[in-house]
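As they're listed, the protein sequences go chains A and B.
So the first sequence is numbered by our numbering: it starts at 1 and just counts up by one.
So the second sequence is numbered by our numbering: it starts at 89 and just counts up by one.
Below is one structure, written out as structure tokens; the observations come after it.
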Amino acid sequence: MIIPCPFCGPRDLSEFAYCGDADNLAARPDPAASDQSSWNAFVYDRTNPAGDHAEIWQHAGGCRRHLRIVRNTVTHAISDVTMPGAKA
Amino acid sequence: MAEPFVSTPVITDAAESPLAGHYEQGEFGNLDRGARVTLTERFALAICDVCAWPGSETKAANAIKRASGASVTKTKDAIAEDAQAFQHAPGRWSVVAQNPALPEALAKAVGENGTVVDLSHGRTVLRIDGRQSRRALSKLFPIDFRSDAFPLEKGLATRHHEIFAQIQRVGEDAFDIIVFRSYARAFWHALRKASEEVGYAVA
């Protein structure tokens, strides 16, 4: 799989680290909370779509920036890549 | 402003290369058609990382130009006679120069527009040159080394498995590879192994 990094250009998957579901970030329970059911839901309950999925990747072996990527889980086609926090 | 930290320049007479004992000059590998790449360690250089604060990228690039002579811009990497610089991440440049006073000059020039970290003691610069250099490098890095995809002066960050590397094209077929000093010996052996097929000379 090739990921088109907005800064580095198209790069091999081996340079990237997966950092999780991009749309699930807001659902994270308070880190100080110890409510097991809400943490269980956050960690394990996934929609697991067969299709487009928004996710965070880090270009750990390149520019080290975090990217928000929309990847099709069936075809691995990447339809959108943005660099959160980067100025337009 | 706090005094910037600048480490002692590399003392060429006293410093020891991380490749000491493993840097054997000569020609090796498949020499049927001669040594088609040359490997060199570029020792005792000043190496710095410059990081611009958001919005100060142009000022930082100008500062690098003033301090090192390598005329980088926000979008262009550069090589000067005795210095080279490239942007390896947004607003972050690697600057390599022969002048041991580079870290101090950069710290002064960049001032409040960013940070300068002196990496002279922490990085090793290796050069591969020769018509088959792309063939050898392609075995190590998932990077497109063709001339049009990797133009002269361009630099980038990548990795060979877990060894981070920064690569800059410094000539028609010449590439400088910057690796962590502590991994330099391991990477040197990998580079030699990758070059065996095309025959290599250690200069």
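Heads up, the beta-carbon is just placed ideally off N, CA and C, and yes, glycines get one too.
Predicted, not measured: the structure shown is a model, and the values here were computed from it.
- By the beta-carbon neighbour count (other beta carbons within 10 angstroms, threshold 16), B:L240 is exposed.
- For A:Q58, the CB contacts under 6 Å within the same chain, skipping 5 residues up- and downstream, are A17, C19, H66 in chain order.
- Distance from the CA of A:L25 to the CA of B:F233, rounded to the nearest whole angstrom, comes to 37 Å.
- Note: B:T212 is bridge-paired with B:V267 in the DSSP secondary-structure output.
- With fewer than 16 other Cβ atoms inside 10 Å of its own Cβ, A:I2 counts as exposed.
- In the three-state DSSP reduction, A:S34 falls in the coil class, being neither helix nor strand.
- Against chain B, the beta carbon of A:D12 has neighbours under 7 Å at P230, listed in chain order.
- When C-alpha distances from A:A22 are compared across A:A32, A:T47, A:V74, the shortest belongs to A:T47.
- Assignment of beta-bridge partners to A:T82 by DSSP yields A:R68.
- The Cβ of B:F252 sits closer than 8 Å to at least one Cβ of chain A.
- For B:V290, the beta-bridge partners assigned by DSSP are B:G114, B:L127.
- Taking a beta-carbon distance threshold of 8 Å, A:R64 counts as an interface residue toward chain B.
- Within chain A, not a single residue places a beta-carbon under 8 Å from that of B:A189; the smallest gap is close to 29 Å.
- Taking C-beta atoms under 8 Å as the contact rule, B:N201 and B:A272 fail to qualify, at a distance of about 31 Å.
- Listed in chain order, the beta strand (DSSP E) runs fully inside the stretch 116-196 of chain B are 125-130, 134-140, 171-177, 180-185, counting runs of at least 3 residues.
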